[in-house]
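Chains as they are written, first to last, in full-length UniProt numbering: chain S, 1 to 193; chain H, 1 to 193; chain V, 1 to 193; chain U, 1 to 193.
No residue lacks a Cβ here, since even glycine has one placed at the ideal position from N, Cα and C.
For reference, the structure is listed below as structure tokens.
Protein chains: 4
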Amino acid sequence: MMDKKVKIVDKKAALLQATLTLVNNHGFHNAPMAKIAKLAGVAPATIYLYFENKQDLINTLYLEVKKSYSDFAFTNYEASMSVKKGFEIIWNNIAHYKLNTISEANFLSQCDTSPMIDEAIRIEGLKNLQPLLDLWEKGKSEGIIKPLSIYALYAHTIYPLSFLLEMQQRGIFTIDETMKANMFQVAWDAIKT
Amino acid sequence: MMDKKVKIVDKKAALLQATLTLVNNHGFHNAPMAKIAKLAGVAPATIYLYFENKQDLINTLYLEVKKSYSDFAFTNYEASMSVKKGFEIIWNNIAHYKLNTISEANFLSQCDTSPMIDEAIRIEGLKNLQPLLDLWEKGKSEGIIKPLSIYALYAHTIYPLSFLLEMQQRGIFTIDETMKANMFQVAWDAIKT
Amino acid sequence: MMDKKVKIVDKKAALLQATLTLVNNHGFHNAPMAKIAKLAGVAPATIYLYFENKQDLINTLYLEVKKSYSDFAFTNYEASMSVKKGFEIIWNNIAHYKLNTISEANFLSQCDTSPMIDEAIRIEGLKNLQPLLDLWEKGKSEGIIKPLSIYALYAHTIYPLSFLLEMQQRGIFTIDETMKANMFQVAWDAIKT
Amino acid sequence: MMDKKVKIVDKKAALLQATLTLVNNHGFHNAPMAKIAKLAGVAPATIYLYFENKQDLINTLYLEVKKSYSDFAFTNYEASMSVKKGFEIIWNNIAHYKLNTISEANFLSQCDTSPMIDEAIRIEGLKNLQPLLDLWEKGKSEGIIKPLSIYALYAHTIYPLSFLLEMQQRGIFTIDETMKANMFQVAWDAIKT
DNA sequence: TATGAATGAGAATTCATTCAT
DNA sequence: CATGAATGAATTCTCATTCAT
Numbered sequence: 001m002m003d004k005k006v007k008i009v010d011k012k013a014a015l016l017q018a019t020l021t022l023v024n025n026h027g028f029h030n031a032p033m034a035k036i037a038k039l040a041g042v043a044p045a046t047i048y049l050y051f052e053n054k055q056d057l058i059n060t061l062y063l064e065v066k067k068s069y070s071d072f073a074f075t076n077y078e079a080s081m082s083v084k085k086g087f088e089i090i091w092n093n094i095a096h097y098k099l100n101t102i103s104e105a106n107f108l109s110q111c112d113t114s115p116m117i118d119e120a121i122r123i124e125g126l127k128n129l130q131p132l133l134d135l136w137e138k139g140k141s142e143g144i145i146k147p148l149s150i151y152a153l154y155a156h157t158i159y160p161l162s163f164l165l166e167m168q169q170r171g172i173f174t175i176d177e178t179m180k181a182n183m184f185q186v187a188w189d190a191i192k193t
Numbered sequence: 001m002m003d004k005k006v007k008i009v010d011k012k013a014a015l016l017q018a019t020l021t022l023v024n025n026h027g028f029h030n031a032p033m034a035k036i037a038k039l040a041g042v043a044p045a046t047i048y049l050y051f052e053n054k055q056d057l058i059n060t061l062y063l064e065v066k067k068s069y070s071d072f073a074f075t076n077y078e079a080s081m082s083v084k085k086g087f088e089i090i091w092n093n094i095a096h097y098k099l100n101t102i103s104e105a106n107f108l109s110q111c112d113t114s115p116m117i118d119e120a121i122r123i124e125g126l127k128n129l130q131p132l133l134d135l136w137e138k139g140k141s142e143g144i145i146k147p148l149s150i151y152a153l154y155a156h157t158i159y160p161l162s163f164l165l166e167m168q169q170r171g172i173f174t175i176d177e178t179m180k181a182n183m184f185q186v187a188w189d190a191i192k193t
Numbered sequence: 001m002m003d004k005k006v007k008i009v010d011k012k013a014a015l016l017q018a019t020l021t022l023v024n025n026h027g028f029h030n031a032p033m034a035k036i037a038k039l040a041g042v043a044p045a046t047i048y049l050y051f052e053n054k055q056d057l058i059n060t061l062y063l064e065v066k067k068s069y070s071d072f073a074f075t076n077y078e079a080s081m082s083v084k085k086g087f088e089i090i091w092n093n094i095a096h097y098k099l100n101t102i103s104e105a106n107f108l109s110q111c112d113t114s115p116m117i118d119e120a121i122r123i124e125g126l127k128n129l130q131p132l133l134d135l136w137e138k139g140k141s142e143g144i145i146k147p148l149s150i151y152a153l154y155a156h157t158i159y160p161l162s163f164l165l166e167m168q169q170r171g172i173f174t175i176d177e178t179m180k181a182n183m184f185q186v187a188w189d190a191i192k193t
Numbered sequence: 001m002m003d004k005k006v007k008i009v010d011k012k013a014a015l016l017q018a019t020l021t022l023v024n025n026h027g028f029h030n031a032p033m034a035k036i037a038k039l040a041g042v043a044p045a046t047i048y049l050y051f052e053n054k055q056d057l058i059n060t061l062y063l064e065v066k067k068s069y070s071d072f073a074f075t076n077y078e079a080s081m082s083v084k085k086g087f088e089i090i091w092n093n094i095a096h097y098k099l100n101t102i103s104e105a106n107f108l109s110q111c112d113t114s115p116m117i118d119e120a121i122r123i124e125g126l127k128n129l130q131p132l133l134d135l136w137e138k139g140k141s142e143g144i145i146k147p148l149s150i151y152a153l154y155a156h157t158i159y160p161l162s163f164l165l166e167m168q169q170r171g172i173f174t175i176d177e178t179m180k181a182n183m184f185q186v187a188w189d190a191i192k193t
């Protein structure tokens with residue numbers, strides 16, 4: 001039957017969700033397996049039916065979130081678009097993701113700046129955003145974008161959104177649509193020739 | 001004699017240094033007090049002569065590093081400088097700090113993206129960049145800098161350096177002086193009117 | 001099956017029993033959780049499945065022993081009995097408990113003279129002797145018993161047994177049935193009009 | 001000089017007093033050497049100039065308090081007095097001590113019902129109240145006092161005061177002079193023939 | 001699959017005691 | 001005599017993981 005499979009997915013998903021919540025709110029330390037199980041509505045031992053150990057649970061969550069982030073980034077994007085148009089779509093997708101799918105975005109930030117993810121598992125650098133890198137290469141060859149390393153380009157266009165996410169997360173600052181448009185302008189000014 | 005005072009400072013400093021190293025390499029979890037003590041060359045109980053508990057140790061380290069960072073940021077800076085000149089000096093100081101004082105910069109990144117620092121302490125550490133904020137206000141009123149929130153300005157000029165630090169940290173990317181000059185140009189283009 | 005429930009009760013009971021023994025023999029200090037666990041035949045961590053912490057373990061034990069003591073005190077007693085008859089039964093029950101259920105009686109003495117039990121818990125344990133207090137009120141209104149505070153009555157009739165328990169405990173003195181009868185006479189002479 | 005000697009006595013006394021206070025208020029556990037030193041106004045290491053170790057400190061305090069109690073008990077008493085008069089004086093002395101020198105009395109209670117004092121040090125049973133025992137023997141031979149063991153006599157006359165002390169200590173009950181007179185009557189009624 | 005009781009290893013923290021000064 | 005920094009050993013408690021059911 002399908003029922004069983006669905007249930008499995010449900011429990012695994014519930015565990016991943018619970019982990020996300022607890023790690024975000026209390027940090028990797030202070031997210032004990034017992035609490036994760038409780039929040040997911042299962043017994044502690046059940047976790048080990050779906051994951052090898054705590055590290056595996058975290059790694060799995062990381063990969064899953066990272067994928068959802070990357071997938072979302074390229075919604076409605078076509079490689080055939082103009083450089084500016086394509087960049088605008090991708091930038092807005094990512095902005096939307098970071099400012100709305102807050103838990104996930106926050107979790108990624110935390111993973112990317114702490115040694116809680118195994119180095120081998122971490123998707124290094126920007127490999128997951130390949131279409132954006134390709135777009136930038138095209139822009140550079142067309143002379144539209146400054147001839148800089150992709151790391152520099154990323155640092156000044158996409159990465160700033162992480163800072164704003166943090167500020168929003170802590171209630172220090174909130175962003176509306178107008179502001180978002182301004183922000184895009186800043187990002188574009190930074191890298192356009 | 002001065003000896004005693006010196007020794008006290010030495011031990012406290014050794015403990016802070018050991019904590020920095022261990023938290024950077026293994027995360028807040030996996031930096032047990034016993035290991036910190038061992039690396040600092042003291043007995044575990046000795047930690048409690050200088051710090052109330054583990055959280056206090058981390059908080060103290062955070063504030064101290066944050067201060068050293070802020071102090072470094074304004075080296076050679078004078079409020080009387082022109083907006084661009086002043087900004088250039090500060091930006092370069094911070095770039096230098098982030099790319100050379102790697103452990104400290106890395107520790108700050110980790111603290112700022114995870115719930116391991118008490119919110120009250122974080123706020124205390126925030127006040128140190130005031131002169132930069134003042135400079136931006138001046139730039140905005142002079143019409144030299146875009147009329148954006150200081151958070152947006154920070155996100156697009158200083159914060160990108162954190163990303164490059166991470167990439168450098170992982171051996172993915174390294175920055176030379178020419179590149180640093182280009183990077184400043186990008187930052188300036190982003191916020192200038 | 002009932003087996004599981006029985007086992008749970010067994011372990012909790014074993015822990016309480018072990019605590020009783022160790023606290024009696026070595027005091028609250030010098031009754032470390034590790035020793036308690038060992039004597040009960042479980043791992044130290046297991047204690048925390050049944051009790052919140054050490055204080056909770058002691059409090060629980062206190063309340064349980066206090067209850068067994070009170071229950072025993074009123075065996076065969078009926079509120080309808082004459083004052084003297086009722087008092088005689090209760091006094092003898094308590095004497096029997098104190099001189100035979102030595103560990104428990106000793107533990108209660110220790111708790112009642114040291115700050116090791118939370119005040120709130122102590123008060124909760126106090127309510128169990130109500131029928132005796134009622135009996136005394138009746139005796140006072142009938143003019144059979146001196147019109148004194150219940151504390152004074154308790155101090156001169158029941159409390160003396162604690163002293164004899166201590167002396168017996170230390171091998172200084174032992175009590176036989178004849179002596180017990182004399183002792184009752186003394187108690188009765190003390191409070192009768 | 002005398003000054004030094006006086007100082008020594010002062011510090012030793014201060015340490016004993018501090019110990020008394022802390023053990024009474026928080027129990028033997030929770031009366032750490034560091035706190036005792038602080039309350040006495042000396043450095044922790046200083047304790048070891050006056051006492052061998054913690055147990056020695058407690059033992060010394062016990063013996064000292066026990067002696068002060070015994071000495072006080074026989075103030076104004078003469079062996080030549082009549083049995084009732086002598087008993088009345090002694091009983092009142094002890095009542096006065098227990099109800100006024102509360103800390104000391106309370107400490108003795110705690111020591112006498114817990115294993116915190118070395119068995120070898122404890123002044124066993126009633127040996128410290130010899131003149132009272134002699135008086136009772138005289139009373140028994142004169143037929144004025146019931147022919148009971150001294151332990152029974154003590155249990156019903158002096159020991160009840162400990163219970164009232166505890167009640168007073170906890171604010172449950174207070175005793176005025178009239179009540180004290182009544183209480184003496186009860187004690188006397190208990191043991192007189 | 002799912003469980004929850006159980007635990008060994010280790011975590012933070014405390015404390016009686018020592019020792020150089 | 002006096003100190004206070006220092007500590008080894010122990011203490012309470014936590015937690016990832018297992019195992020019988």
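Chain-ordered chain V contacts of residue i [CB-CB under 7 Å]
{"i": "G171/U", "result": "The premise fails here: G171/U is roughly 10 Å from chain V at the closest Cβ pair, so nothing lies under 7 Å."}
Best match in the options for proximity to residue i [C-alpha to C-alpha]
{"i": "N106/V", "options": "G143/V, Y62/V, K54/V, T174/V", "result": "Y62/V"}
{"i": "I191/S", "options": "K192/H, V186/H, T193/H", "result": "V186/H"}
{"i": "Y159/V", "options": "T75/V, Y50/V, G27/V, W91/V", "result": "W91/V"}
{"i": "F184/S", "options": "K67/S, F87/S, E64/S", "result": "F87/S"}
{"i": "M126/S", "options": "Q168/S, K67/S, A37/S", "result": "Met is not the amino acid found at residue 126/S; the sequence shown has Leu there. Answer by Cα proximity: K67/S."}
{"i": "S70/S", "options": "Q17/S, T101/S, S80/S, F51/S", "result": "T101/S"}
{"i": "I94/H", "options": "T157/H, E119/H, L49/H, I123/H", "result": "T157/H"}
{"i": "K180/H", "options": "I89/H, P147/H, T113/H, D134/H", "result": "I89/H"}
{"i": "V65/H", "options": "F51/H, W188/H, R122/H, N30/H", "result": "R122/H"}
{"i": "K35/V", "options": "L49/V, T19/V, N24/V", "result": "T19/V"}
{"i": "residue 197/S", "options": "Q110/S, L148/S, N182/S", "result": "There is no way to answer for residue 197/S, as the model of chain S reaches only from 1 to 193."}
{"i": "T60/H", "options": "E177/H, I172/H, Q17/H", "result": "Q17/H"}
{"i": "D134/S", "options": "E177/S, A37/S, I150/S, D189/S", "result": "I150/S"}
{"i": "I172/U", "options": "K85/V, L57/V, E119/V, I172/V", "result": "E119/V"}
Residue i: first and last residue of the uninterrupted alpha helix (DSSP H) it sits in
{"i": "G86/V", "result": "83–100"}
{"i": "K66/U", "result": "54–73"}
{"i": "residue 196/H", "result": "The structure shown does not extend to residue 196/H, since chain H spans only 1 to 193, so no value can be given for it."}
{"i": "S162/H", "result": "160–169"}
7 Å Cβ shell around residue i - same chain, five flanking residues per side excluded
{"i": "M33/U", "result": "P44, I47, K54"}
{"i": "K98/U", "result": "A105, L161, S162, L165"}
{"i": "K5/U", "result": "With a pLDDT of 48 at K5/U, under the threshold of 50, the modelled position of this residue cannot be trusted; read the value that follows with caution. For K5/U, where only same-chain residues beyond five positions count, there are no Cβ hits under 7 Å."}
{"i": "I175/V", "result": "L99, L164, Q168"}
Contacts around residue i, its chain only, beta-carbon distance under 8 Å, and the 5 residues preceding and following it disregarded
{"i": "E142/H", "result": "V83"}
{"i": "I145/U", "result": "V83, W136, G139, L153, I191, K192, T193"}
{"i": "V42/S", "result": "K11, A14, L15"}
{"i": "D112/V", "result": "R122"}
Under 8 Å from the C-beta of residue i: neighbouring residues of chain V
{"i": "E166/U", "result": "D112, T113"}
{"i": "residue 202/U", "result": "Because residue 202/U is not part of the residues shown, which for chain U are 1 to 193, the question remains open."}
{"i": "G125/U", "result": "M167, R170, I172, F173"}
6 Å Cβ shell around residue i - same chain, five flanking residues per side excluded
{"i": "Q130/V", "result": "none"}
{"i": "M116/U", "result": "F28"}
{"i": "F74/V", "result": "P131"}
{"i": "A31/V", "result": "L22, V23"}
Within chain H, partners of residue i - CB distance below 8 Å
{"i": "P131/S", "result": "Result: empty, since nearest Cβ-Cβ is about 19 Å, beyond 8 Å."}
Chain-ordered chain U contacts of residue i [CB-CB under 9 Å]
{"i": "Y62/V", "result": "Within chain U, no residue comes near Y62/V; the closest Cβ sits about 14 Å away, beyond 9 Å."}
Pick out the complete alpha helix (DSSP H) segments inside the segment 102–151 of chain S, 4 residues or longer, and give them in chain order. Qualifying alpha helix (DSSP H) stretches, in chain order: 102–113, 130–141.
Unbroken alpha helix (DSSP H) runs of length 4 or more, entirely within the segment 21–46 of chain H: which are they? Uninterrupted alpha helix (DSSP H) stretches at least 4 residues long and entirely within the segment 21–46 of chain H occur at 33–40, given in chain order.
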